[in-house]
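Down below is the structure, laid out as structure tokens.
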Amino acid sequence: MRETLPGESTFTIDTNTYEALPFSDRCRDIWRRGDHLLIGVSPGNSYFSHRRIAELIGWGREFFERIDIVHADLHVGAQYEAFGYDAERAERRAVKEVKATARRIARGAEDAGSPDGVRMHALSEFAGHPVYRRLHRQAVDALGTDREFREAAEGMARGFLAARMDEGLAPNEPQLAAGLRYITAELPFFLDTPALLGVPSSVSCYHLQLPLTPVLFGRDEGLRAAPAQGYAVVRPAAPSGPVGVVAETSVEPARAA
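Sequential numbering of the sequence shown, starting at 41, is according to the numbering used here.
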């Protein structure tokens, strides 16, 4: 159910597990509407255990009418190929990770009591959707025309790839290209989830501030999120700090995991 949000700059959430940091005033306003929360889950990311997913569902349904969880399953194998796997082995590894991710999401939803208003999807389910195709094309085209966007996207890809590389090494061109394909496949849900899922407004969330967040949500030109699309960092509440609080309107970027 929707939460009444008191106060001008912060508001308290009736839970002690997570805190939310909307990126901007507009993102906070979208959060306050309580229409929809989009949780994106990456395969191979140990942060998204089934327990974590269950907690996020239970926490999110206090404030949003509907929750959708989307897990990435596009261009996963291409990344392994870029790191030297042969095509067959890369595909096997990708399939294994994607299936394990889907199982964790299903188990998390079950542990959360399979609440009404929660739906689960693989990213590939939207590949033929005309809105998805339009938004994805905009993101791909912007890599060639929007310098600020490309620099942020490459920074995000490098941060993502660094977790798979030995310390001190930088990704080569094929690896960076594979990382960009993976990221641009996810971007439609940062650009216009309302158009994709037919909801009035939506907040996409992740547990880190991403290099692309200021570009998509903090400027008035170039590729950017739709007016009804918001973004928030949603992370476990600090043990020593206030819990369940939506904090200041912006947070500093962090490297993607």
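The beta carbon of each residue, even a glycine, is placed where N, CA and C say it ideally should be.
Remember, predicted model here, so these are calculated numbers, not experimental data.
In the DSSP annotation of this structure, the continuous segment of the alpha helix (DSSP H) that includes glutamate 95 starts and ends at 90 to 100.
If only uninterrupted beta strand (DSSP E) runs of at least 3 residues are considered, those enclosed by the region 153 to 234 are 158 to 162.
If you compare the alpha carbons of Gly238, His247, Glu261 and Ile109 with that of alanine 268, the shortest gap goes to Gly238. Under the three-state reduction of DSSP, glutamine 119 is assigned to helix. If the five residues before and after glutamine 215 are omitted, its C-beta is found closer than 7 Å to the C-beta atoms of Ala122, Phe123 and Leu201, all from its own chain and listed in chain order. Non-local beta-carbon contacts of leucine 209 in its own chain, meaning distances under 7 Å to residues more than five positions away in sequence, are absent.
With 16 or more other Cβ atoms from the protein chains shown falling within 10 Å of its own Cβ, aspartate 75 counts as buried. Glutamate 213 has its alpha-carbon roughly 37 Å from the corresponding atom of glycine 148.
Here the alpha carbon of alanine 203 sits roughly 13 Å from the alpha carbon of tyrosine 120. Inclusion of valine 273 and leucine 77 in the CB contact set at 8 Å is not warranted, their separation being larger than that value. Within its own chain, the residues whose Cβ lies closer than 6 Å to the Cβ of aspartate 113, once the five positions on either side in sequence are excluded, are Val138, Ala162, Leu163 and Ser164, listed in chain order. Taking a C-beta distance under 8 Å as the contact criterion, phenylalanine 257 and valine 110 do not qualify as a contact pair. Non-local C-beta neighbours of alanine 130 in its own chain, meaning closer than 6 Å and more than five positions away in sequence, comprise Gly117, Tyr120 and Glu121, ordered along the chain.
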